[in-house]
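This report refers to the structure that appears directly beneath it.
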Amino acid sequence: MSEPATPAPRRGLVVLIWVGFGLCAFSAAWWLYYYSQYGGAVVQFSLKLPCMVVLTDDCAEIQKRLAESAVPAYHPLLFWAGLILLAIGVLQQRSRRG
Numbered sequence: 012m013s014e015p016a017t018p019a020p021r022r023g024l025v026v027l028i029w030v031g032f033g034l035c036a037f038s039a040a041w042w043l044y045y046y047s048q049y050g051g052a053v054v055q056f057s058l059k060l061p062c063m064v065v066l067t068d069d070c071a072e073i074q075k076r077l078a079e080s081a082v083p084a085y086h087p088l089l090f091w092a093g094l095i096l097l098a099i100g101v102l103q104q105r106s107r108r109g
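Our numbering numbers the first residue of the sequence shown as 12 and each following residue consecutively.
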């Protein structure tokens with residue numbers, strides 16, 4: 012006798028996870044590239060790191076100084092969108108596994 016087939020995770024959920032991960036990775040690369048224009052990647056890193064997830068006064072000040080940059084100003088919205096998609100995909104996939 013054959014065993015009953017277990018439902019495989021829906022392909023859409025896997026795609027959602029990869030899209031969320033991709034948006035987070037792209038956002039992190041954009042953040043690093045944009046803010047490294049201000050004194051390098053590690054100079055004042057403690058001021059730049061929160062800028063990945065929230066726009067603080069320090070971030071706004073750095074963005075003013077980088078106003079002439081050819082790189083578009085970083086905004087954490089893309090990071091949060093990726094994180095939300097990733098979380099939804101993971102939670103739904105886990106709930107389907109039971």
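Even for Gly, the Cβ is constructed at its ideal location relative to N, Cα and C.
Since we're looking at a predicted model, the values are computed, not measured.
Val64 carries a coil assignment under DSSP once its states are collapsed to helix, strand and coil. Residue burial annotation: Phe90 is buried, with at least 16 other C-beta atoms found within 10 angstroms of its C-beta. Cα atoms of Leu88 and Gln55: separation of roughly 22 Å, rounded to the nearest angstrom. Nearest neighbour of Tyr49 by Cα position, chosen from Ala84, Val101, Ile99, Ile95, turns out to be Ala84. Taking C-beta atoms as the reference points, Cys35 and Gly100 fail to come closer than 8 Å. Going by DSSP, Val101 is part of the alpha helix (DSSP H) stretching over 88-108.
Exclusion of the five residues before and after Val65 leaves Pro87 as the residues of its chain whose Cβ lies within less than 7 Å of its Cβ.
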